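Trainee: This is the structure I have questions about; it appears just below.
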Amino acid sequence: MQESLQGKKELEESCMETIVLYPSSEIGHLISMVALGKFILHHHPSLSITILTVPPSFNTGSTAAYIPHISATVPSITLHQLSVISLELDSFPSNAAVTLKSSTGATPTSVAR
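Here is the structure:
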């Protein structure tokens, strides 16, 4: 009986609903998204929050110290840094092809310009 209760609890935890937030890369936007995540968790503690981050394109204040601090103090908020991909834009026939490649990894063979 104990094992079935444990299994049920693990299943419920794995089915936890998650809200994913995607702020702009600047530190101010990240701070605002964390505040929104905390607000959501205050009203809906059964949810989890994932915040996707990207390296900033220019120095607007470092997120390097802020991200570990949030991870340590608010365990229901997960910060996940996306990696930067580089695309040689000249090798794509259209903007739609760039979007398709960057979002799915697929390379279209014929996309009209």
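In the numbering used here, the protein residues as written are 3 to 115. A virtual CB, placed ideally from N, CA and C, is assigned to each residue, including glycine. Just so we're clear, the structure is a prediction, and the values are computed from it rather than from any experiment.
#1: Taking only runs of the beta strand (DSSP E) that begin and end inside the region 20-91, which ones reach a length of at least 3 residues, in chain order?
#2: Thinking residue 35 and residue 53 are a contact (beta carbons under 8 angstroms), I'd like their distance in whole angstroms, please.
#3: Short check: CB of residue 39 to CB of residue 29, under 8 angstroms?
#4: From 92, 86, 98 and 95, pick the residue whose C-alpha is nearest to that of residue 55; which is it?
#5: Cα separation between residue 67 and residue 37?
Mentor: Answer, in terms of the structure:
#1: Counting whole runs of 3 or more residues, the region 20-91 contains the beta strand (DSSP E) stretches 20-23, 50-55 and 79-83.
#2: 5 angstroms
#3: no
#4: It is 86.
#5: Near 17 angstroms, if we compare the C-alpha coordinates of residue 37 and residue 67.
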